[in-house]
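Chains as they are written, first to last, in the numbering used here: chain R, 1 to 365; chain Y, 366 to 654.
Data first, discussion second: the structure below is written as structure tokens.
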Ligand SMILES: Nc1ncnc2c1ncn2[C@@H]1O[C@H](COP(=O)(O)OP(=O)(O)OP(=O)(O)O)[C@@H](O)[C@H]1O
Ligand SMILES: [Mg+2]
């Protein structure tokens, strides 16, 4: 499989401040690659380095094997969809899309054909004559995508393009974008701070934090096998316990949480006795009122504080007995648990394979 | 809801509008009515006056007059264009390139020459450029010239002086439109393969049109009506139309003729501006926002 983009130790410093810190990754041809991270972690800076608006302080960026150092944005085979879309308001939809083709001095007839074809592709046939301010948010979105795709870039860079849309439209565009990418087969590098966008659309996701990549993996692995506490916290919801190691066998550790609960869980690394650790547990890993006969479970009891009904995402907020910390427990809506009410005490069990344990970090609470 | 029958008099509005209307009426409308009436009268040999359009006919009959006007208009257009060509990069630099904290300072620098009167500014140019002036002195010193040359009293110097005088009136409206230009539009154009020229002509200028038109109208009108700079820097055979008006009023003491010229200047320059707006497809009300 051909590598379309490869970054090695790409670093950008603004004075003393390191916005992007030794980032290395490869993106294969036709892949939907997302960079996921909180606001201010350096995503835009990294993307602008790929697009050529900023030169890396050190490190290299190769596109299809060509070193991009010193090549200006207008001569790179990548196109960027800006966070604010940046459609040209003084031009019609048609002229916006034709802008790049005209710069390549393509024939007028070819340009017309390509513009029509791409408008068809993004589901806006006949919109060519419209002014930009006559379009809805979702239509602008599609024009911005069309304007870049018509140039057939090796890599299309997208900087939180759905950020400005309302929730409903965002959900819809998410699916459309993924479909579009599948049809055209262009390599996408997609930036977002919304983990659901990243998980739904991507083939691979890089989780970024404070300028560094924490983990590059498939969405499934990020969710199920986070390799750092940050990823465990940031991707999906997680309950976190701090505690100390009581016992250690080859694959499992026994952890005593600060509230005094004792859990047995899989260990990713080797720990020493008495070491401080953080234990992460997904809300849906917890079974409510598990059968007594089920073996291999960590069991504890909680008091229900509140029930958050949200259809398929309904949750219980509950505290372990004699504790004030609140944990989130998924509440399946199969009517099996309709009897649970606020103030009830319920049994919780979770499989020793579904928790994950990391060495304690000071920043983690 | 029912409106009261007797609307209270909006005193604040009255207070605000009265000086404006008075000012417009006393200083603009009244003198112009007088000017119009005067331009339509003619004094015969006996000193008696009568209604006539002869003053206007004279303008078209005597080539010296209408040629002076055409010359003035063409030079004003050239000055307006040159001012724009110089002001655009200046405004672009101030709004998009210079660090934010220098922007005010740079605008201040542009304003500075306007703290001295036009007369002093023109004399400044004369001190620099005359035969025994500073520029000649240095050119001689460094052996570039053998003999001092007279740089004053020609059309090029006059145009330069007029451009210099007009700069601010072009830069300020350009700064205000370019401030609204989203940087990402320029970057997007660059990313899509745009070169400097295509970005200037397809993105920056179309965006700046309202500012360009506003600035051009002001610069054109000010240049056309300028008296000092063309008179002092332009020399003897480069007549400006305002000098013709001056000559009629002061030298020939023919106020009727002078009024007719004054009125023609107003009408013809308005026509030029109207034609300019038509050509650029702009509306005056939109430009002046
Ligand atoms: N030109 C610059 N000079 C100095 N610091 C900068 C510059 N550009 C960005 N930064 C800093 O670099 C960090 C990363 O910025 P960046 O725009 O890449 O964040 P981001 O991940 O895209 O955030 P968001 O999700 O909010 O868009 C920020 O702390 C920002 O303040
Ligand atoms: Mg950003």
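For each residue, glycine too, the CB sits at the ideal point set by N, CA and C.
Set against 6 Å, the gap from the CB of residue 154 (chain R) to the closest heavy atom of ligand 2 is not smaller.
In this structure, residue 148 (chain R) has its beta carbon at no less than 6 Å from each heavy atom of ligand 1.
When rounded, the separation of the alpha-carbon atoms in residue 320 (chain R) and residue 47 (chain R) is 44 Å. Residue range 520 to 544 is occupied by the alpha helix (DSSP H) that includes residue 523 (chain Y), with no beta strand (DSSP E) assigned at that position. Distances taken from the Cβ of residue 51 (chain R) to the heavy atoms of ligand 1 include none shorter than 6 Å.
DSSP places residue 463 (chain Y) in no alpha helix (DSSP H); its state is neither H nor E. Chain-ordered, the chain Y residues with CB closer than 8 Å to the CB of residue 103 (chain R) read 557, 558, 559, 560 and 563. Look at the beta carbons and you see the region 91 to 103 of chain R touching the region 137 to 146 of chain R: at least three pairs across the two are nearer than 8 Å. At least one heavy atom of ligand 2 falls within 6 Å of the beta-carbon of residue 44 (chain R).
In the DSSP secondary-structure assignment, residue 204 (chain R) is bridged to R:33. If the five residues before and after residue 433 (chain Y) are omitted, its C-beta is found closer than 6 Å to the C-beta atoms of 604, 606 and 609, all from its own chain and listed in chain order. Not a single heavy atom of ligand 1 lies less than 6 Å from the C-beta of residue 198 (chain R).
The three-state secondary structure of residue 403 (chain Y), taken from DSSP, is helix. Here the region 165 to 181 of chain R makes no contact with the region 208 to 224 of chain R; the two share fewer than three CB pairs at distances below 8 Å. Taking the beta carbon of residue 544 (chain Y) as reference, no residue of chain R falls within 7 Å; the closest one sits roughly 15 Å away. In this structure, the CA atom of residue 351 (chain R) is about 6 Å from the CA atom of residue 296 (chain R). The beta carbon of residue 40 (chain R) sits closer than 6 Å to at least one heavy atom of ligand 1.
In this model, residue 249 (chain R) and residue 349 (chain R) are separated by some 21 Å (Cα to Cα). The beta-bridge partner set that DSSP reports for residue 188 (chain R) consists of R:32 and R:156. The residues 93, 139, 142, 143 and 146, in chain order, have a CB closer than 8 Å to that of residue 124 (chain R) in the same chain once the five nearest residues on each side in sequence are set aside. In the DSSP annotation of this structure, the continuous segment of the alpha helix (DSSP H) that includes residue 231 (chain R) starts and ends at 229 to 234. Non-local C-beta neighbours of residue 252 (chain R) in its own chain, meaning closer than 8 Å and more than five positions away in sequence, comprise 264, 265, 266, 267 and 352, ordered along the chain. Taking 7 Å as the cut-off, the Cβ atoms of residue 23 (chain R) and residue 5 (chain R) do not count as close. Under the 7 Å criterion on CB atoms, residue 636 (chain Y) is classed as non-interfacial with respect to chain R. Residues of the same chain with a CB within less than 6 Å of the CB of residue 80 (chain R), apart from the 5 flanking positions on each side, are 51 and 157 in chain order. Distance check between residue 103 (chain R) and each of Y:561, Y:382 and Y:476 places Y:561 closest, using alpha-carbon atoms only. Shortest gap from the CB of residue 280 (chain R) to any heavy atom of ligand 1: 6 Å or more.
Taking a C-beta distance under 7 Å as the contact criterion, residue 78 (chain R) and residue 155 (chain R) qualify as a contact pair.
Nearest Cα to residue 447 (chain Y) within the set Y:419, Y:601 and Y:524: Y:524. When the five nearest sequence neighbours on each side are left out, the beta carbons in the same chain lying within less than 6 Å of the beta carbon of residue 285 (chain R) are those of 350 and 354, in order along the chain. Around the Cβ of residue 580 (chain Y), a 10 Å sphere holds 16 or more other Cβ atoms; the residue is buried. Bridge pairing for residue 55 (chain R): absent [DSSP]. Between residue 178 (chain R) and residue 33 (chain R) the beta-carbon gap is near 13 Å, outside 8 Å, which marks them as no contact.
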